[in-house]
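Following: one structure in structure tokens, then a few remarks.
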Amino acid sequence: MASLSHSLVTAKGSLGSGASVSDLLRSSSNGVMGVPLKSLGRARFRIQGSEMSVSAKLRKVKKHEYPWPEDADPNVKGGVLSHLSPFKPLKGRPKPVTLDFEKPLMELQKKIVDVQKMANETGLDFSDQIILLETKYQQALKDLYTHLTPIQRVNIARHPNRPTFLDHVFNITERFVELHGDRCGYDDPAIVTGIGTIDGRNYMFMGHQKGRNTKENIQRNFGMPTPHGYRKAMRMMYYADHHGFPIVTFIDTPGAFADLKSEELGQGEAIAHNLRTMFGLKVPIIAIVIGEGGSGGALAIGCANKLLMLENAVFYVASPEACAAILWKSAKASPKAAEKLKITAGELCKLQIADGIIPEPLGGAHADSYWTSQQIKTAILDTMDELDKMDTENLLKHRHLKFRKIGGFQEGIPIDPMRKVNMKKKEDPIVKPGNSPEELEGEVEKLKQQILKAKESSSDPPGEGLTEMVKKLRREVDYEFSEAMKSLGLNNKLAALQEEFDKSRNSQDQSVTLALKDKIENLNREFKQNLHTAPNYQSLKYKADMLSEISEAKDLSEKNSKASVLKQEINNKFKEVLDRPDLKKKIEALKREVEETGLQSAEELSEELKEKILQQKAEIELEFAEILRGLDLHVEPPSFSAIKNKVEKLNEETMAVIEDMIDSSDLRNQIELLKLERAKLGQNQNPETKSSKIEAMEHKIKQTLVDAMNSSVLKEKYERLTSEFSGRLVEDSNSGADDDGAKVGINSKVNRTFA
């Protein structure tokens, strides 16, 4: 206490202005005793002799009305505690806002107003026209709002005149007291909490609060909470859980406020803490989406036993605009994104994320906010009656299972074909090769036994088993090759070549490609030269030989299988032809005619009967040939084979005659002179333009050849062969277009010989 006498301090104009004892005591922490904190605004220290004096001047600031106004009305509706809420009715009606899809309705409404105005001005009775227009308007309104698209519901949920959380709370509660602060020095206006009464029962209400005009939106941060708001909500949850108040949350936010300051203050931690806390609360929780519920900002107060949604509300993990910008690189695709995201109340109820839909009036909740609030009140009371029947354990289990079943899966249900097309294809299981030769030999031996049994029973060989064995042996051989590369120390060279090859794919330089080819050939040569020194050479050779053997067996099996199938098909076709009624009838008639003759051998038959039999045989052969042509099998008639051989022989004789003629005459000299004349024209001369001398020489050589051919015996052979071919065609007049084609082919071949 001695120090007090030596440090006497006086505050002019301060001590007599109502300084409290606590102020005097708190000021001691600054090292100055007896000075109120209020007087330490602007202080002037003055030392006079052994005494020191301090004079302080109070700064003039605007007096804060929070929490009580100076003229507080004690008879205000809801009691004096309602002064804690700065939310007051708007002085004027909100400005009407027309959405793009509502413009046709506005045109009808304008017509109604114009007709009413005309009726008032003229005094005429237009009641029938007005009633007709109003009926038309109501019908158009009903048609529009019962067939809304997802993006239209998003626009309604964001409507600036849509009723906010406090609008609904004051409509459904008899008394409501707003509670502030997170007990950390902050009070986020974007989240409002408070206790309200419905039908005599107390509830803890909390929700996102948007503004009703620009000024309020700025004050409320457009309904986007900061970490302080979530911590305030968590404090009120603990308070409600302690006192046994059911919790009702109202969700209406585009998302948590994502700025740098919020992240520094722990936005994600605050949301996560809320999620964990809500799953452990022992009181019923109801969440109602009244506008848009965006991402974690909505879920932080949305982990409830029951999630209800207004008819035109939306609940999403990403806004349609953000989703469209990510997937389609343009926010203009937001209608498509809104449809794919399944964010409307109806779609979320189908997915069992939302538990119920609260109806709205035609035109949206802003068309009749009081009626909408009463529907919310009814939904709260009905849901609370259902949750009150559960004890604490079942209530917690119900809340837990509600979120556990979201995104669940079921096995054994066939997948929709449209979805299956877009699903990732199942990858083949990775099979590590490296089986021993003994194991492979046992499998191959078992496969051989199966093939032998199939041959004995005249059944098809096991083609599927052969295919699987070939695949397995290829994997084994590839594995052995890679092991041989490693043991020879060539795997690094191979990897370098692979990398160089990948880089040279887009290169147009031919020298690079040739150099790379030489390197590959050198590596291949080195590998082949040293392969016999590899430790696994015997295993590799054995497996490669086995692969070659099984591959040949597989190819042979496939060929035999195809041949047997084709043979069976041909036999079936032939049987169909022979079983034809008209053909059967002709064959039976021929048989009876032969039997009636009583002759024992075919040589004794008459020429007429032989002709009939041959004609019937030719008809059947033509039918069979047509069947084979239908199966893409070429059948050459036997009558043409001999002619073809004669044509080939005539062609060889003609070429020999031409060679002899060139050697025995001066024709060779003429050909050499023709070559010299062509060489004189030069390389730049157009080959189509020929000199008259060259043309004369070519004509002379051709004429010499033609004269020689006409004077030889070859012409006689050609004419004889042509007449023989024509006779055969007369015999096979029913052979069709293919025989005509054969005639053209043989004639053209003979003509080319004499050209």
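First residue of the sequence shown: 30, per our numbering; consecutive thereafter. Positions of the beta carbon are idealized from the N, C-alpha and C atoms, including for glycine. Quantities reported herein were computed from a predicted structural model and do not represent experimental measurements.
query, result
"Beta-carbon proximity check, G225 vs T202, cutoff 8 Å", "yes"
"Contact under 8 Å by Cβ, P192 with A219", "no"
"Span of the beta strand (DSSP E), counted from its first residue to its last, around R230", "230-237"
"First and last residue of the uninterrupted alpha helix (DSSP H) at F279", "Where F279 is concerned, there is no enclosing alpha helix (DSSP H), although the beta strand (DSSP E) it sits in stretches over 276-282."
"Whole alpha helix (DSSP H) elements within the stretch 320-368, 4-residue minimum", "324-328, 349-356"
"Status (buried if at least 16 other CB within 10 Å, exposed otherwise) for S46", "Confidence at S46 is low in this model, with a pLDDT of 41, below 50, so the placement of that residue is unreliable and no value is reported for it."
"Entirely enclosed alpha helix (DSSP H) segments - the stretch 148-202, minimum 4 residues", "156-174, 179-186, 194-201"
"Burial state of F234 (16 or more Cβ within 10 Å)", "buried"
"CB contact flag (T412, G331, <8 Å)", "no"
"Inter-residue spacing [alpha-carbon to alpha-carbon] between S156 and A366", "46 Å"
"Cα-Cα separation, I276 to I315", "6 Å"
"Inter-residue Cα distance where the pair is Q181 and E340", "12 Å"
"Length of the line joining the Cα atoms of L476 and I579", "10 Å"
"For V735, the residue or residues it bridges with in DSSP", "DSSP lists no partner for V735."
"Whole-angstrom distance between H728 and D695, CA atom to CA atom", "15 Å"
"Local conformation of A513 per DSSP, three classes", "helix"
"DSSP-derived helix/strand/coil call for E440", "coil"
"Distance CB(S516)-CB(P564) smaller than 8 Å", "yes"
"Close-in-space but distant-in-sequence residues of the same chain around K572 (CB under 8 Å, 5 per side omitted)", "P466, L469, L502, E505, V506, E509"
"Pair within 8 Å by beta-carbon distance, P189 and V126", "yes"
"Distance CB(G240)-CB(D281) smaller than 8 Å", "no"
"Local conformation of L101 per DSSP, three classes", "Here residue 101 turns out to be Ala, not Leu, going by the sequence shown. The answer is coil: DSSP assigns A101 none of H, G, I, E or B."
"Residue span of the beta strand (DSSP E) that contains F205, given as start and end", "204-208"
"Reference V198, options N231, A301, S363, E605, closest by Cα", "N231"
"DSSP-derived helix/strand/coil call for I382", "coil"
"Touching by the beta-carbon criterion (3+ pairs, under 8 Å), the stretch 138-150 and the stretch 394-406", "no"
"Cβ neighbour criterion (16 or more within 10 Å) applied to M514", "buried"
"Endpoints, beta strand (DSSP E) assigned at I224", "220-227"
"Alpha-carbon to alpha-carbon, E652 and N680", "33 Å"
"Stretch-stretch touch, CB-based, cutoff 8 Å, three pairs: the stretch 288-298 with the stretch 146-164", "no"
"Rounded distance between the beta-carbons of N334 and R428, thought under 8 Å", "5 Å"
"Contact check, F116 vs L208, beta carbons under 8 Å", "no"
"Cβ-Cβ separation, K678 to Q645 (assumed contact under 8 Å), whole Å", "Wrong, their Cβ atoms sit about 34 Å apart, outside the cutoff."
"Sequence-distant residues of the same chain with beta carbon closer than 7 Å to P349, five excluded per side", "I180, V183, S363, A366, A367, L370"
"With 16 other Cβ atoms within 10 Å as the buried cut-off, status of L543", "exposed"
"Contacts around Y215, its chain only, beta-carbon distance under 6 Å, and the 5 residues preceding and following it disregarded", "H257"
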